[in-house]
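Numbering of the sequence shown is given in this note's numbering, commencing with residue 427 and proceeding in unit increments.
By construction, the Cβ of each residue, glycine as well, lies at the ideal position given by its N, Cα and C atoms.
Model, not experiment: these values are computed from the prediction.
The block underneath contains the structure these notes are about, expressed in C-alpha coordinates.
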Amino acid sequence: MVVQNELSEAEVDRVFHALATSTRRDILRRTIEREQSVSTLASEYEMSFAAVQKHVSVLEAANLIVKRAEGRERLVRANPEMIARARALLARYEEMWRSRIARLDDLLAEPARPNTSETNTSETNERRD
(Lines of atoms letter the chains of each structure in order from A and count residues from 1; the text may use other names and numbers.)
(Lines give C-alpha, C1' and ligand atoms only; values in the text may rest on other atoms or scores of the structure.)
Protein backbone atom coordinates (compact mmCIF):
# COMPACT_ATOMS: atom_id res chain seq x y z
CA MET A 1 0.00 0.00 0.00
CA VAL A 2 1.39 3.40 -1.01
CA VAL A 3 0.74 6.22 1.43
CA GLN A 4 0.47 9.65 -0.15
CA ASN A 5 1.95 12.31 2.14
CA GLU A 6 1.71 15.38 -0.06
CA LEU A 7 -1.62 17.16 -0.13
CA SER A 8 -2.87 18.40 -3.48
CA GLU A 9 -3.73 22.09 -3.81
CA ALA A 10 -7.43 21.18 -3.73
CA GLU A 11 -6.95 19.16 -0.53
CA VAL A 12 -5.04 22.01 1.11
CA ASP A 13 -7.86 24.41 0.19
CA ARG A 14 -10.49 22.05 1.63
CA VAL A 15 -8.53 21.49 4.86
CA PHE A 16 -7.96 25.20 5.51
CA HIS A 17 -11.58 25.98 4.60
CA ALA A 18 -12.80 23.27 6.98
CA LEU A 19 -10.65 24.57 9.83
CA ALA A 20 -11.62 28.20 9.23
CA THR A 21 -14.51 28.20 11.71
CA SER A 22 -14.43 27.53 15.42
CA THR A 23 -17.46 25.23 15.30
CA ARG A 24 -15.77 22.88 12.82
CA ARG A 25 -12.53 22.94 14.81
CA ASP A 26 -14.55 22.04 17.92
CA ILE A 27 -16.35 19.21 16.11
CA LEU A 28 -12.98 17.89 14.98
CA ARG A 29 -11.61 18.10 18.53
CA ARG A 30 -14.63 16.21 19.88
CA THR A 31 -14.30 13.49 17.27
CA ILE A 32 -10.60 13.10 18.00
CA GLU A 33 -11.51 12.34 21.60
CA ARG A 34 -14.11 9.72 20.65
CA GLU A 35 -16.50 8.67 17.92
CA GLN A 36 -19.86 10.46 18.24
CA SER A 37 -23.18 10.51 16.48
CA VAL A 38 -24.15 13.60 14.52
CA SER A 39 -27.15 13.90 16.86
CA THR A 40 -24.90 13.97 19.92
CA LEU A 41 -22.67 16.57 18.28
CA ALA A 42 -25.69 18.68 17.36
CA SER A 43 -26.96 18.69 20.93
CA GLU A 44 -23.77 20.50 22.01
CA TYR A 45 -24.38 23.59 19.86
CA GLU A 46 -26.97 26.33 19.82
CA MET A 47 -27.81 25.77 16.17
CA SER A 48 -30.06 23.48 14.21
CA PHE A 49 -29.25 19.85 13.52
CA ALA A 50 -29.07 20.74 9.81
CA ALA A 51 -26.46 23.44 10.49
CA VAL A 52 -24.28 21.00 12.45
CA GLN A 53 -24.75 18.42 9.72
CA LYS A 54 -23.46 20.97 7.17
CA HIS A 55 -20.37 21.58 9.32
CA VAL A 56 -19.82 17.82 9.51
CA SER A 57 -20.16 17.61 5.71
CA VAL A 58 -17.47 20.26 5.22
CA LEU A 59 -15.12 18.34 7.53
CA GLU A 60 -15.96 15.11 5.71
CA ALA A 61 -15.29 16.73 2.30
CA ALA A 62 -11.86 17.74 3.62
CA ASN A 63 -11.38 14.11 4.73
CA LEU A 64 -10.67 15.33 8.28
CA ILE A 65 -13.47 13.14 9.62
CA VAL A 66 -15.04 9.86 8.55
CA LYS A 67 -18.76 9.21 8.82
CA ARG A 68 -20.31 5.75 8.96
CA ALA A 69 -23.79 4.39 9.42
CA GLU A 70 -24.70 2.25 12.40
CA GLY A 71 -28.37 1.46 12.23
CA ARG A 72 -30.22 4.76 11.94
CA GLU A 73 -27.35 6.79 13.40
CA ARG A 74 -24.47 8.39 11.58
CA LEU A 75 -21.28 8.11 13.61
CA VAL A 76 -18.42 10.51 13.10
CA ARG A 77 -14.76 10.06 14.01
CA ALA A 78 -11.62 12.00 13.21
CA ASN A 79 -9.38 10.78 10.40
CA PRO A 80 -5.89 10.67 11.97
CA GLU A 81 -4.19 10.06 8.60
CA MET A 82 -5.47 13.31 7.10
CA ILE A 83 -4.79 15.20 10.31
CA ALA A 84 -1.20 13.92 10.19
CA ARG A 85 -0.87 14.99 6.55
CA ALA A 86 -2.20 18.47 7.37
CA ARG A 87 0.16 18.67 10.33
CA ALA A 88 3.10 17.70 8.08
CA LEU A 89 2.14 20.50 5.69
CA LEU A 90 2.10 23.02 8.53
CA ALA A 91 5.45 21.68 9.77
CA ARG A 92 6.95 22.34 6.31
CA TYR A 93 5.60 25.90 6.40
CA GLU A 94 7.06 26.36 9.88
CA GLU A 95 10.43 25.00 8.75
CA MET A 96 10.45 27.36 5.76
CA TRP A 97 9.70 30.41 7.92
CA ARG A 98 12.20 29.42 10.61
CA SER A 99 14.84 29.06 7.90
CA ARG A 100 14.01 32.52 6.53
CA ILE A 101 14.17 34.05 10.01
CA ALA A 102 17.50 32.34 10.66
CA ARG A 103 18.92 33.78 7.42
CA LEU A 104 17.65 37.21 8.39
CA ASP A 105 19.24 36.85 11.84
CA ASP A 106 22.53 35.90 10.16
CA LEU A 107 22.36 38.96 7.91
CA LEU A 108 21.64 41.26 10.82
CA ALA A 109 24.46 39.74 12.85
CA GLU A 110 27.08 40.44 10.15
CA PRO A 111 29.32 43.41 10.94
CA ALA A 112 28.60 46.47 8.86
CA ARG A 113 30.97 46.82 5.93
CA PRO A 114 32.00 50.29 4.86
CA ASN A 115 30.36 51.44 1.68
CA THR A 116 33.18 51.48 -0.89
CA SER A 117 31.65 54.27 -2.97
CA GLU A 118 31.46 56.55 0.08
CA THR A 119 35.05 55.67 1.03
CA ASN A 120 36.29 56.40 -2.49
CA THR A 121 34.42 59.72 -2.58
CA SER A 122 35.91 60.78 0.77
CA GLU A 123 39.40 59.86 -0.36
CA THR A 124 38.94 61.81 -3.62
CA ASN A 125 37.70 64.86 -1.74
CA GLU A 126 40.64 64.68 0.68
CA ARG A 127 43.12 64.61 -2.22
CA ARG A 128 41.52 67.70 -3.77
CA ASP A 129 41.94 69.70 -0.55
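If you drop the 5 nearest sequence neighbours on each side, which residues of the same chain put their C-beta closer than 7 Å to that of ARG451?
-> LEU445
Select from THR457, LEU533, VAL484, ARG518 the residue whose C-alpha is nearest the C-alpha of ARG504.
-> Here residue 504 is Ala; the residue named in the question, Arg, does not match the sequence. Of the candidates THR457, LEU533, VAL484, ARG518, the residue whose Cα lies closest to the Cα of ALA504 is THR457.
Determine, using beta-carbon pairs with one atom in the segment 490-507 and one in the segment 453-469, whether at least three such pairs fall under 8 Å.
-> yes
Which partner residues does ILE491 have in the DSSP bridge list?
-> ALA504
Run the CB neighbour count on HIS481, radius 10 Å, all protein chains shown included, and call it buried at 16 or more, exposed below.
-> Buried, by the Cβ-count rule.
Residue nearest to ALA436 in terms of C-alpha spacing, selected from ARG511, ALA488, ASP531, ALA517 | ALA488
For the alpha helix (DSSP H) holding ALA446, just list the boundary residues, first then last.
-> From DSSP, ALA446 is part of no alpha helix (DSSP H); its letter is neither H nor E.
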